[in-house]
Amino acid sequence: MKTPLLRLDRLGVAFLVITIGAAALGPILALVVPRESAFAMPPYVVALLGKYMCYAILALALDLVWGYCGILSLGHGAFFALGGYAMGMYLMRQIGARGVYANPILPDFMVFLNWKELPVAWWGFHSFAYASLMVMLVPGVLAFAFGWFAFRSRVTGVYLSIITQALTYALKLAFFRNDFGFGGNNGLTDFKDVLGFNVQSDATRAALFSLTALTLALSYIIGRAIVVSKYGKAVIAIRDAESRVRFIGYRVENYKLFVFVVSAVMAGVAGALYVPQVGIINPSEFDPANSIEAVIWVAVGGRGTLVGAALGAVAVNFAKTYFTGAFPEYWLYALGGLFVLVTLFLPKGLVGLLNLRRRAAEPTPPSTASLAQQEEGAR
Amino acid sequence: MTLARLVAAFFFVCCATVARADAVDDALAKFLDNRFASTEQGVSQLAATGAANAPAILDALGDNRLLIDPVDHLIVYQTSGGDLINAKTGEKLAGVDVDSFKKVRVNNALRNAIAAAVGALTLASPDAQKRASAAEAVFKSRDAGALTALDAQLSRESNPQVAEALRQARAAIVVLDPKMSSADRVAAVTTLRVRGDQDAQSLIDEVAAKSDDSAVKTAALNAGAAIKAHLAWLNVLQNLIYGVSAASVLLLAAIGLAITFGVMGVINMAHGEMVMLGAYTTFVVQSALPPSFLQWSLAVALPLAFLVSAIVGVAIERLVIRCLYGRPLETLLATWGVSLILQQAVRSLFGANNRQVVAPNFMSGSYDWAGLQITTGRLWIVALAILVFAALQLALRATSFGLRMRAVTQNRRMAAAMGISTGRIDMLAFALGSGVAGVAGVALSQIDNVSPNLGQGYIIDSFMVVVLGGVGNLWGTLLGATVLGVANKLLEPVIGAVLGKILLLVFIILFIQKRPRGLFALKGRAVEA
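Chains as they are written, first to last, in our numbering: chain A, 1435 to 1813; chain B, 3 to 531.
Right under this line is the structure:
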């Protein structure tokens, strides 16, 4: 049977149309359409939507491991932040002699700490190509090393979740230290330009917006290509009945490792796009709470759907922006309630709600997932 | 001297009081000059007289409470109650305006001299405690002028502890004095070596650096090395004590988590908030009880905190966790949501600021035992942790509920088949685990800030303890808490608190690879979950 590469459903097509459309329309609405027009996109909206889309990429990456492979990572924020730091280091080096201390080589915080030489970890970050490589390489290598050990030793379930949390917590503590060499408590900020363009200018922001939208579309395509492939079938089977897949003869750890690394790289890229748009990266991005919050984006949108994850990230963050502005004291109630209610009553998320309406007419055969769940429930 | 006598004579005439023209008056007269040099002479003369009221006068001088009337040549001191006492006669003055007096000026050099003089004076105090602390003061000041007083007291001292303190004080003076004989100084070094603390070490180091006498120098070098080794040991022991204290806190925070995780296989992310609720219960109990019951507030708070946390725990189990059976990862997320709600609820009720919880008297203060510092509050927490651990062991081993709980932990379906109501056991286990967390909260309220974020600070550490110890039995939790607490405190002085913590986290991540189910894992079929 011949199948198109992505076997897109209607939701997937809609998603690609929206993201690519946003990439094309965003700069026009932000730059060309006059400000007075009702269609014009003010700069703060460009920045906000750009940020949401970075979160959406992170959510998509998380959905790939959690929704399709059953690995609940509570440390994906670490990969996001590492990608962000790699980009932040490039942006720091671009400041050059325009810093407060006007040192052409050393970033301000190093001059402040009275360092004489650039640490080895910072070498090469003046080059955009090298920094871009590191954006993917650092999270990827960390995920590979971590996953290689963890999956081989068959650390699963809540144990794995807890050690991913320990990972991001350890990184947070490390990055808070001044002598770790990445700006300590204050992180990296005060960026001037990226590839020669001023990061503050409307045109650069619009370009970053487009780039983020395109990356989001690309991430979806990559994720979708993985999950509909034969390889993806094995990954889904691992989620539903890991031991069974192993007994059939698949190398479970290799499948898991591949998905985990791809996901980590995706999260790193999301972080790299995030940093120039918000203008700062600091150790609080490593906070375990951030990683858990990313999980709820996926849960709200619907795990195991990719589109839903992106949708959930935008929806929850929109709600967060609204709530923290309008009723700051109620945001945590809303977020906490979201965690409880979504896991209790909406296990398939918003996308599940959409599909429910569509499929109400036709009866569906039970999926492997629900079978496995019955089994677990009986235990 | 003649001038002083003249002034003194003048003083007597003016005051027209019946007074002995003795050394005390001589000394007091010096203060009338109100110049630093004369005041200092006055201090040493007054100390030399050993008069009964001399300490009071010197104390007053040091605190700027010694007043002079330059016109009437009257010297008085003000008591802390505000009364004016004539320094010479010891009579209370009535109807005198304080403003007509001038304060005797003192500077820091003078204050040191006063402290030394008071020290020398109290050496002869009838109270052994006071004599010992006076000897200690001389040891610190190394005031050569106190040597005669020391020798005098040493010859008649009957209390062996005070005598030792006096000998040490004497040694501190003698050892640095190049005029003393070599043998005396070597003996002094030996005395200091026996004392063997930080002060003795710095003193001996000074001797080793300064002394030209080779015998003294060798003795000092040897003694310095010996003390250094001794102190290094003490340091390790002290860190061990800190480690045990940290371990007891970890154990209290984690043991409830180990129970719920062991029985139900779910991670309760709101466990930290159960601890927080316990701490706030302590605060509420202390605010509600009349101040006279403050000493007993913890006795009330302990069962109440258990109850509050257990009830909230049961509510969480019934309303949330029960609905998510067989889905441990979703349970983790839902309980995280509960933890956010509880935090915000407490923040709305009590405010975001830290709340003050008072420590009862029996829990404040600290012991000094053979050079080791032991804080009383921490000691009580260690005791509580041991008590809670023993009580839980007893509950699990010796009660029918414990038997059922262990059965469910080992094999849920088999237990159910044997007629055990697993749902009820889950609920009770959750109540027990949460209640113990509440008890931990009472303990933590004594050493940590009572704030809505209290639980957050402990939750990751508690996870690490459970992951390290495994859920096979509670000894694993004890071992996990001890290892983490002690390792943390032993690493802290070597590589710093943060780096030590990072190292431990990395260690646990690696450890999990070797023992994916912790130190004390369940064996048999239950493992393949």
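We put the CB at the ideal spot given by N, CA and C, even for glycine. Being a predicted model, the structure only gives us computed values, none of them experimental.
Out of the options, which one is the CA nearest neighbour of residue i?
i: GLY1522 of chain A; options: A:PHE1610, A:LEU1691, A:ASP1624 and A:ALA1744; result: A:ASP1624
i: LEU476 of chain B; options: B:ALA249, B:VAL340, B:SER289 and B:ALA392; result: B:ALA392
i: SER299 of chain B; options: B:PRO362, B:ASN114 and B:TYR460; result: B:PRO362
i: ASP65 of chain B; options: B:ASP74, B:GLN43 and B:ASN114; result: B:ASN114
i: LEU1790 of chain A; options: A:GLY1736, A:ARG1658 and A:LEU1525; result: A:GLY1736
i: VAL310 of chain B; options: B:TRP338, B:LEU296, B:ALA281 and B:VAL322; result: B:ALA281
i: ASP201 of chain B; options: B:PRO293, B:LYS230, B:ALA189 and B:ASP186; result: B:LYS230
i: VAL73 of chain B; options: B:SER40, B:ALA56, B:LEU34 and B:VAL468; result: B:LEU34
i: ILE1597 of chain A; options: A:LEU1648, A:ARG1680 and A:ALA1512; result: A:ALA1512
i: CYS1488 of chain A; options: A:LEU1459, A:PRO1476 and A:GLY1746; result: A:GLY1746
i: ASN1818 of chain A; options: A:TYR1689, A:MET1526 and A:LEU1492; result: The first residue shown for chain A is 1435 and the last is 1813, placing residue 1818 of chain A beyond what the model contains.
i: HIS273 of chain B; options: B:ALA117, B:LEU521 and B:ALA433; result: B:ALA433
i: THR378 of chain B; options: B:SER350, B:GLU159, B:ARG158 and B:TYR244; result: B:TYR244
In whole angstroms, what is the alpha-carbon distance linking residue i and residue j?
i: VAL277 of chain B; j: GLN515 of chain B; result: 30 angstroms
i: ILE206 of chain B; j: LEU1607 of chain A; result: 41 angstroms
i: ALA165 of chain B; j: SER135 of chain B; result: 12 angstroms
i: GLU530 of chain B; j: THR411 of chain B; result: Because GLU530 of chain B sits at a pLDDT of 48, beneath the cut-off of 50, its placement in the model cannot be relied upon, and the point is left open.
i: ILE511 of chain B; j: SER368 of chain B; result: 37 angstroms
i: ALA23 of chain B; j: ALA130 of chain B; result: Summary for ALA23 of chain B: the model assigns pLDDT 45, below 50, so the residue's position carries little reliability, and this model does not support an answer.
i: PRO305 of chain B; j: ALA387 of chain B; result: 15 angstroms
i: SER183 of chain B; j: VAL106 of chain B; result: 41 angstroms
i: ALA290 of chain B; j: LEU493 of chain B; result: 42 angstroms
i: ARG320 of chain B; j: ILE427 of chain B; result: 12 angstroms
i: VAL251 of chain B; j: LEU1766 of chain A; result: 28 angstroms
i: PRO292 of chain B; j: VAL302 of chain B; result: 13 angstroms
i: HIS1560 of chain A; j: ALA431 of chain B; result: 57 angstroms
Please list the terminal residues of the continuous alpha helix (DSSP H) segment that includes residue i.
i: GLN170 of chain B; result: 162-177
i: TYR1665 of chain A; result: 1664-1674
i: ASN110 of chain B; result: 110-124
i: LEU239 of chain B; result: 216-266
i: ASN510 of chain B; result: Position check: residue 510 of chain B holds Ile in this sequence, whereas Asn was assumed. From DSSP, the alpha helix (DSSP H) with ILE510 of chain B extends over 499-516.
i: LEU279 of chain B; result: 273-290
i: TRP298 of chain B; result: Element bounds for TRP298 of chain B: n/a, residue is neither H nor E.
i: TYR1535 of chain A; result: Unbroken run through TYR1535 of chain A: none, as it is neither H nor E.
i: MET1475 of chain A; result: It is not in any alpha helix (DSSP H) - MET1475 of chain A carries neither H nor E in the DSSP assignment.
i: TYR1603 of chain A; result: 1591-1610
i: ILE1730 of chain A; result: 1722-1735
i: TRP338 of chain B; result: 330-352
i: SER135 of chain B; result: 130-143
Residue i: buried (16+ other C-beta within 10 angstroms of its C-beta) or exposed?
i: PHE1773 of chain A; result: buried
i: PHE12 of chain B; result: Low per-residue confidence applies at PHE12 of chain B: pLDDT is 48, beneath 50, and the placement is therefore not dependable enough to give any value.
i: ARG519 of chain B; result: buried
i: ILE257 of chain B; result: buried
i: PHE1616 of chain A; result: buried
i: TYR1478 of chain A; result: exposed
i: TRP338 of chain B; result: buried
i: GLU332 of chain B; result: buried
i: PHE1580 of chain A; result: buried
i: ASN161 of chain B; result: exposed
i: ASN1716 of chain A; result: buried
i: ALA37 of chain B; result: For clarity, residue 37 of chain B is Arg in the given sequence; the question names Ala instead. Exposed, by the Cβ-count rule.
i: ILE175 of chain B; result: buried
i: PHE295 of chain B; result: exposed
At which residues does the beta strand (DSSP E) containing residue i begin and terminate?
i: GLN375 of chain B; result: 374-377
i: SER541 of chain B; result: Shown here, chain B extends from 3 to 531; a query on residue 541 of chain B therefore has no answer.
i: TYR79 of chain B; result: 76-80
i: ILE70 of chain B; result: 68-71
i: ILE87 of chain B; result: 86-88
Does any heavy atom of the ligand ATP sit closer than 8 angstroms to the C-beta of residue i?
i: ALA256 of chain B; result: In the structure on display, the ligand ATP does not appear, and there are no ligands present to speak of.
Assuming residue i contacts residue j (C-beta within less than 8 angstroms), just tell me the rounded distance between them.
i: VAL343 of chain B; j: GLY1771 of chain A; result: Note on residue identity: the sequence assigns Ile, not Val, to residue 343 of chain B. With a Cβ gap of about 7 angstroms, ILE343 of chain B and GLY1771 of chain A count as contacting.
i: GLY472 of chain B; j: ALA523 of chain B; result: 5 angstroms
i: VAL1776 of chain A; j: ILE1730 of chain A; result: 7 angstroms
i: VAL1499 of chain A; j: SER1653 of chain A; result: About 13 angstroms separates the two Cβ atoms, so there is no contact after all.
i: LYS491 of chain B; j: ASN241 of chain B; result: 5 angstroms
i: LEU398 of chain B; j: MET407 of chain B; result: 6 angstroms
i: ALA1647 of chain A; j: ALA1495 of chain A; result: In fact, because the Cβ distance is near 16 angstroms, the residues do not count as touching under 8 angstroms.
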